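Notes follow once the structure below has been shown.
Residue numbers (my numbering), protein chains in the order written: chain A, 218 to 550; chain B, 7 to 355; chain C, 77 to 393.
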């Protein structure tokens, strides 16, 4: 075996020698001079957290695709009422020939999604409904995020309020969210405000707990101890040292809160405590469609809202998870 | 040392990792012979590839890593070609066993340590039931754990760090291997325990006739246990030799830098020596000598062509153009010269 | 251990008290129609008399105290609209067994399918192409993202169209009618168990002790079974109460969808009909059940993991 090795070595040496002319040889065997800056260059390249996060996110083709789909959907829901030829979602349309409402019309060139059982334009209703549901979803997610982050930061960082929050959490956590929703809707009149209020009631504490858990892990890290020694104010530490690390967790919860809010809305509508029919929402539309489920030709009234709902919820779920994965520094190569 | 004494022979090993589409060339054509019964230490900084190197002997590379070239000859077989689990099961534990770095996480927290050692005993000593239990108790005494009867039924979190490492060593030894690889066995332990563990391994090596390979970045450990030293940098062995040779007569500039960095060699009041820069990014192909950019004594040819091994003695060689007869005479740094003088004195005694 | 248990139960009782009192106070805000069968036909004087008889005109704390006194004796009042003058407890006693059957069947099915699914997905994750993992993930994403109400509906549609399974349980003679509701109800939990078990198993796979076991020469299938699965299963136990709550909530919907004469359908009904005492009773029951479930979950966790020392537990779960 050693003969194999020394043979290899000799060949290597000979190869190098053969390639060199005598002048080159003497030139090469001189000191190269030392530049310590070259030494530093050998290491790894510049790392920017946000750059790496976005790069990692955009590598996930499914998530990017869905992001584009959602962006297009959102844009369309906002723009749709202003497009030419759009109808009012609550108006009942009559057949000009006999004056009777155009009930349960199949999708055709006039009514792209058809009409519902009392003659309203389903296309207009679906987009109005999407607007309402998305609005509820975004507001709930936003309030939850705001409240939750603030509460969570205080809970995790300021020792004096920790006990209070922990007990509060223990009580609120045991309340099933649906129950609260039901009760609120029962007692207050069902409306957008009621729903938003009810959903925010229990949602924020979960966000607060996630944020708090992260902060508890981070607050005793050396760089935070150093900040404290320097006399940095609590708020500054919270916002500059800790918050950037929470982005991943926060984004995920926000992204998941939206489909959850829509889901709650659907559930409440089913029980009968949902929004009144004049405010179309995906929950309402699903419910209307459900009532006609047994008649195959009328199923389109169920399928259209379902598809829209599925696209929205799945997209948010996947985008949220993809972003959370991308923001995790362990996935930055 | 004759040819028949070689227990493991690695020839031109290439190991690559596939990380999200980019290839990391972790081991770049490394050759090494391990002799039966010796204590070999592989030294290097983090990222030099020393762990990856030994993992390839047992098929413990991560899923995205693979041996892309070269041979690992052991017992008449070429391990580099092993692909199926069945093949590796003939090697793991049975022939080669490993002791990992962190005893806190090396043991299953939800199983008693007795059971975990017994797993190895049942697999490799062919014992069952009561006989297996007795063998476990014997092994526990072997590694210096008192009251083995009681300890058998305890969980890892009931042991101290040093005791846990003894358990891990017990598991490795219970496999009755021929080669024992210790991957940073003392790095996670207190200094006072380190010496005990090293002595334990030395004793076991003698008792069970093992060949030991130590992976470490701690030169103190090396001085304590090693017969031979291999210095690794950027996925390659840059210097290989007997312990005294590498310590007292190092030839590669990286070894010089490494030894100079020892705080013990520093002079009080003077700034401590440190090597500027960082190891190269192994995603890119390395041209010439990998250490060249950080080497104050680099020659121009170091940036052009990779140096072959030059022999200093039959047992000592280094991969540096400085040993080429055409190279100018370069003086090693102050600290190394002091070591050399100490070495001469040492040999004269 | 006992000290911890006592503390935990004590805390839960406080929560329970809080919830019930809250519900009680909220219920008092409900329109009084909920107490009379034929409100429209009554004169104002009769309404007043009725209110006085039910003790609804007393101050709130008095009512609350009376309620607790009665409840602890097992008296939750009588229904006024749903089934007039029948005690709430009697009505509940009829419905509970039905819901219990449904719930238990769904939980068992969820475990029987969800756990193997998680294991298969974790195993598939170690292979080159991870096909099983990807399929499973797609399934889980769908179930978790799309609101249950939506796919329950579709399952009912598909089930009756493709497999000719009966749509409703009442009025159906065969046990086949139970297939759709049980399967539907178990779906969210299947996704839940599958997702968490897979995640825990994959996490365990990268741990050092697994590497040591591999180095020992243990077969990978044995490692999966003896080390990874056993260890990953431990934290799974904490999800049992959550999945239980999921089942309870889901049953509300499923029962009305499939006309199952259980608690869930009852709740929907009495809400629609505004029968206040019934709503109160059911909410009380659900809250209690939920809290008991959570306590059990904590206990199970401590049994499963020898590392958890009970007396020392920090803040939030």
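Glycine included, every Cβ here is placed at the ideal spot set by N, Cα and C.
Remember, predicted model here, so these are calculated numbers, not experimental data.
Asked, Found
"Alpha helix (DSSP H) runs wholly inside the region 332 to 385 of chain C, at least 4 long, in chain order", "339 to 349, 352 to 380"
"Chain B contacts from the region 272 to 295 of chain C (Cβ-Cβ distance under 7 Å)", "283, 284, 285, 287, 288, 290, 291, 292, 293, 294, 295"
"Straight-line gap, residue 172 of chain C to residue 194 of chain B (C-alpha atoms, nearest Å)", "58 Å"
"4 or more residues per run - each alpha helix (DSSP H) lying fully within the region 81 to 158 of chain B", "91 to 95, 109 to 112, 119 to 130, 135 to 148, 154 to 158"
"Amino acids of chain B, ordered along the chain, whose beta-carbon sits closer than 9 Å to that of residue 310 of chain C", "116"
"Contact with chain A by residue 198 of chain C, beta-carbon distance below 9 Å", "no"
"Proximal residues to residue 327 of chain B (C-beta, below 6 Å), its chain only, five neighbours per side dropped", "305, 307, 308, 313, 333"
"C-beta neighbour in chain B for residue 392 of chain C, strict 9 Å", "The pLDDT assigned to residue 392 of chain C is 31, lower than 50, so where the model puts this residue is not dependable, and the model offers no usable value."
"Proximal residues to residue 387 of chain C (C-beta, below 7 Å), its chain only, five neighbours per side dropped", "Summary for residue 387 of chain C: the model assigns pLDDT 35, below 50, so the residue's position carries little reliability; its value from the coordinates is reported in the next sentence. For residue 387 of chain C, where only same-chain residues beyond five positions count, the Cβ hits under 7 Å are 79, 80."
"Among C/328, C/198, C/223, the one whose alpha carbon lies nearest that of residue 301 of chain C", "C/198"
"Residue from B/122, B/187, B/202 whose Cα sits closest to the Cα of residue 161 of chain B", "B/122"
"Beta-carbon proximity list for residue 94 of chain B, same chain, < 6 Å, skipping 5 on both sides", "65, 88"
"Length of the line joining the Cα atoms of residue 191 of chain B and residue 277 of chain C", "27 Å"
"Nonlocal neighbours in the same chain, by C-beta distance under 6 Å from residue 331 of chain A, ignoring five residues either side", "322, 323, 324, 339, 517"
"Where the alpha helix (DSSP H) containing residue 304 of chain B begins and where it ends", "Premise fails: residue 304 of chain B is in no alpha helix (DSSP H) and is neither H nor E."
"Proximity test, Cβ basis, 9 Å: residue 112 of chain B and chain C", "yes"
"Pairwise C-alpha distance: residue 281 of chain B and residue 98 of chain B", "38 Å"
"Member of C/377, C/104, C/124 whose CA lies at the smallest distance from the CA of residue 400 of chain A", "C/104"
"Cβ contact (3+ pairs, closer than 8 Å) linking the region 28 to 39 of chain B and the region 203 to 219 of chain B", "no"
"Unbroken beta strand (DSSP E) run spanning residue 18 of chain B, endpoints", "12 to 25"
"CB contact flag (residue 237 of chain B, residue 258 of chain B, <9 Å)", "yes"
"Interface flag, residue 206 of chain C vs chain A, CB-CB below 9 Å", "no"
"Nearest-angstrom Cα separation, counted from residue 90 of chain C out to residue 475 of chain A", "32 Å"
"For residue 242 of chain B, the residue or residues it bridges with in DSSP", "B/239"
"Chain B contact for residue 301 of chain C (CB, 9 Å cutoff)", "no"
"Segments of 4+ residues assigned as alpha helix (DSSP H) that fall wholly inside the region 311 to 379 of chain A", "339 to 374"
"Residue 180 of chain A vs residue 304 of chain A beta-carbon contact at 9 Å", "Here chain A covers residues 218 to 550 and nothing more, so residue 180 of chain A does not appear."
"Extent of the continuous alpha helix (DSSP H) to which residue 176 of chain B belongs", "167 to 180"
"Buried versus exposed call for residue 552 of chain A [16 or more other C-beta atoms within 10 Å across all chains shown]", "Because chain A in this structure spans residues 218 to 550, residue 552 of chain A falls outside the shown range and cannot be described."
"Residue 220 of chain B - partner residues in DSSP beta bridges", "B/47, B/188"
"Test item: CB-CB of residue 154 of chain B and residue 100 of chain B under 9 Å", "no"
"Residue(s) in a DSSP beta bridge with residue 31 of chain B", "B/22"
"Chain A contacts made by the region 126 to 147 of chain B, where a contact means CB separation under 7 Å", "none"
"Partner residues on chain B for residue 247 of chain A, Cβ-Cβ distance less than 8 Å", "305, 306, 334"
"Cβ pair residue 175 of chain B, residue 48 of chain B closer than 9 Å", "no"
"Burial state of residue 164 of chain B, where buried means 16 or more other Cβ atoms lie within 10 Å", "exposed"
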